[in-house]
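Trainee: Here the working numbering is used: the first residue of the sequence shown is 175, the next is one more, and so on. The beta-carbon is built from N, C-alpha and C at its ideal position, and this holds for glycine as well. All values derive from a computational prediction rather than experimental measurement.
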Amino acid sequence: MNASRSLPLDEAPLLEAERLALQVGERWLCCEFSLSLAAGECLVLLGPNGAGKTTLLHTLAGLREPSVGAVRLGGLPYAAWSAQDAARYRGVLLQQQPDHFAASVLETVLIGRHPHLGRWGWEGPEDERICRAALQDVGLAGFEHRGVLTLSGGERQRVAVATLLAQAPRLFLLDEPLNHLDLRYQIAVLDLFRRQAAQRGSGVVMVLHDINLAARYADHIILLDGRGGVVAGGRDTVLRADCLSHAFGHALRRYDLDGRITFIPE
Ligand SMILES: Nc1ncnc2c1ncn2[C@@H]1O[C@H](COP(=O)(O)OP(=O)(O)OP(=O)(O)O)[C@@H](O)[C@H]1O
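(1) With ASP349 and LEU231 assumed to form a contact (beta carbons below 8 angstroms), what rounded beta-carbon distance in angstroms separates them?
(2) Can the beta-carbon of ALA191 be found closer than 7 angstroms to that of LEU209?
(3) Could you please give the first and the last residue of the uninterrupted beta strand (DSSP E) stretch that includes VAL379?
(4) What's the C-alpha gap between ARG242 and CYS204?
(5) Under 6 angstroms: does the beta carbon of VAL242 sit that close to some heavy atom of ligand 1?
(6) Identify whether GLY321 lies in helix, strand or coil by the three-state DSSP scheme.
(7) Could you compute how far the alpha carbon of GLU206 sits from the alpha carbon of HIS383?
(8) May I ask whether a heavy atom of ligand 1 can be found less than 6 angstroms away from the beta carbon of VAL412?
(9) Pop quiz: ASP356 and GLY328 are said to be a contact at Cβ under 8 angstroms. What is the actual Cβ separation, rounded to whole angstroms?
(10) Near ALA425, which residues of its chain fall below 6 angstroms by C-beta distance, leaving aside the five closest residues on each side in sequence?
(11) Following a CB-centred definition, is THR228 positioned closer than 6 angstroms to any heavy atom of ligand 1?
(12) Tell me which same chain residues have a C-beta within less than 6 angstroms of the C-beta of ALA340, skipping the five on either side of it?
Encoded structure:
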């Protein structure tokens, strides 16, 4: 019998971290903190270069063991999940996309369907329809037969987003999803994930560098200061000029412009 069939636990948060702390070599990236992400919520990880955002995202994605504490997906530790069930429940956008051979755009997006394929592992017309719709969502309709190696950086990033949309997980874990994107597509991609949260009850965890976009999209924020300190909480608790100036080592001022929180560096 496959014990993972009953996953996830009903009513459990999509993602939880309990008294989590991360260490790399001798260095503690963050002291103990806890978090819980419910359906429809967005959590943003912020902090300076090298603070530990990617390490934290990988730990939350089950790609790395926590140094201290526990991570639970849908109420259960990753060890209780089969790889396939975990891939149906949570999808990860990595910072770099590995392109080992010259696949077409459509073939690349179809990889997102692999966790959903049946015993023989063949994609069907419905998988292809889902992938074409995902390409349309990221403004790449008509690119299906282009080779991925011929794409611009921003186009390749949007193919990666489309692949994740085709995977259709409950929980999205995104490492710098705005890499290579121009202003229009930055907003379009963040709006896309916000719609996934609002309409499908998905959860979104993402590493961002732009504090103002974090203010616009986050419900919760984890701010790592690069010296082991962590501030975790609701957006308005964490996005304070003093906390951010301390973490980034540069003075910032907060303004409320037409009801939108905005930070401007001194
Ligand atoms: N395997 C490793 N061995 C040694 N140090 C490591 C290892 N992996 C990560 N680190 C270090 O841990 C720290 C955190 O890295 P991480 O990639 O999580 O930072 P980040 O906040 O995502 O940074 P950035 O904003 O630059 O992408 C960095 O100083 C990095 O050099």
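Mentor: In short:
(1) 5 angstroms
(2) A contact, by the Cβ cut-off of 7 angstroms.
(3) 377–381
(4) The identity of residue 242 in the sequence shown is Val, whereas the question assumes Arg. Looking at the two C-alpha atoms, the distance is approximately 10 angstroms.
(5) Not under cutoff, so the answer is no.
(6) In the structure shown, GLY321 sits in a strand (DSSP, three-state: E or B).
(7) 23 angstroms
(8) no
(9) 6 angstroms
(10) SER419 and GLU440
(11) yes
(12) VAL283, GLY286, ARG287, ILE304, CYS305 and ALA308
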